[in-house]
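I have placed the structure first, in the form of structure tokens, so that the comments after it can refer back to it.
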Amino acid sequence: MVVVDIRNVFAIRNVELIEVSNDFIYYAEEKREEGHNNLFLLEYNRVSRRERIVANYSLDDPTFVQHIFSFGDSIILLLENGNSDVWVFRIDKNTGQETACTQINCIGSFAGCKALDKRHILVYTVESGEFSALFREYRKITGCTKIAYLYDLNENKKYFVKNPLLCQMAEENLLCYQSPEGRQVVLLQPYGDEAFKEKCYREARWINGEIRDNVWLCPLKGMIASIQEGREELALKPVITAGTNGLARYIGMDNRNLYFRAKHFPSGMERLCAYHKQEGGIQVLADLEPVDGIDRYYYIDYQEAKLYLLEEKEDTRRVKGILNSAVDAEYEKKLGDFVGCIEDRFVITRKVINKEDGTYDFEYNSIFDSKQGTEESFECKCAIRGNTLVIY
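Okay, here's the thing in structure tokens:
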């Protein structure tokens, strides 16, 4: 395990991690200086242990919220305050120069965004008072409650998205990965949360309409071409699906596979499945043990594509790796909630202390060495990326 401590370079710890690679860590820090809110995009060199300012922006409107995406040599920064206009900047990581700067004017209030690559970004809006009549007409025609735009930062052009599935997607359900055939988009379409999906199974006789979880794949190049040509259809390839009798939920991806939990409600059988990115097809990796959700439950580390079985005991918590982890360890509950595990040995936990009024006060993160039985705690935030623990 490699621990990278970048706490000492911050005056204020209002920090958002952007990217962690073998050589660099990119992050954003927002702080108030001389009565002005400023946003700094920073680079930490893991070899020289030096911090460098990539770019900084004065946030004249204190209500601005930033959305940040990292691609190769570029960082995309979108600033919005919930209104219909958003600012988008593309910054070169090496020079700090803006390679794109634009204001996107939309209909409705900002509701989310997703950068698909360093050139194309999706922006979602929902009904606002000014555009209520237009949205009512839009819903009658399309059945959609959100409007989606695709913006090309190179061409400075905005395109209206007509595909109903893509229009209704939550940005967190849009994932991308690089393949030999080009960049691919994963579209997750879960039907409600897991409890609601099982409720639909129990009450299926009263329900009309299709109840289904779907996961789709679409080549990004084809998606962009379809949107730019004004077509509604997308070249979607089904990956996994589950109707009323079952559940199919995404739990992460690595370089080789997309991973899912699949459950059959009538039998109660639950399985861990993988979709091979290159070869295609669903493979069953393992049957999952039944859990009660209270004393025994599954914990998903989406970032690292790992699945753990947690077992609550009187004073301790047992952690057993199920997917991409072979850890089998037990730690004292006083260390806090389980966050993840590195190298099947170092258990990372978190304890957040709140003030009496319920507001955030401070956070402790601990490293428990399951082989040595030792522990080390930090008052900070942390993030796991591969075998690296970043504390900040």
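Numbering (our numbering), first residue to last: 12 to 403. In this text, a Cβ means the ideal position worked out from N, Cα and C, and glycines have one as well.
Cutoff 8 Å; reference residue i; Cβ partners in own chain excluding five residues on either side
i      : result
Lys392 : Arg24, Val26, Glu374, Asn376, Ile402, Tyr403
Asp348 : Thr360, Arg361, Lys362
Residue i - containing alpha helix (DSSP H), residue span
i      : result
Cys117 : Segment: none, Cys117 is in no alpha helix (DSSP H) and carries neither H nor E.
Gln179 : 175-179
Glu205 : 205-213
Per DSSP, the bridge partner or partners of residue i
i      : result
Phe80  : Ile87
Met264 : Leu269
Asn48  : Arg43, Leu70
Leu185 : Leu198
Asn56  : Phe35, Arg61
Glu386 : Phe379
Asp16  : Ile402
Met280 : His275
Pro230 : Gln195
Ile158 : Thr136
Ala259 : Ala273
Assigned secondary structure, residue i (DSSP; H/G/I helix, E/B strand, else coil)
i      : result
Phe75  : coil
Ser139 : coil
Arg130 : coil
Ile222 : coil
Glu148 : helix
Asp289 : The question names Asp, but residue 289 is Gln in the sequence shown. Here Gln289 sits in coil by DSSP.
Ile305 : coil
Range of the contiguous beta strand (DSSP E) that encloses residue i
i      : result
Ala337 : Per DSSP, Ala337 belongs to no beta strand (DSSP E) and is neither H nor E.
Lys248 : 248-253
Val99  : 96-103
Lys168 : 168-171
Arg396 : 393-396
Lys317 : 317-323
Cut-off 6 Å between Cβ atoms - residues of its own chain near residue i, not counting five sequence neighbours on either side
i      : result
Leu90  : Phe75, Gln77, Trp98
Phe142 : Ile118, Gly119
Met264 : Ala316
Phe80  : Ile87, Ala126
Cys112 : Phe100
Tyr188 : Gln195
Beta-carbon proximity list for residue i, same chain, < 7 Å, skipping 5 on both sides
i      : result
Lys382 : Arg356
Gly257 : Ala273, Lys274, His275, Phe276
Ser69  : His47, Asn49
Asn268 : Ala285, Tyr286, His287, Lys288
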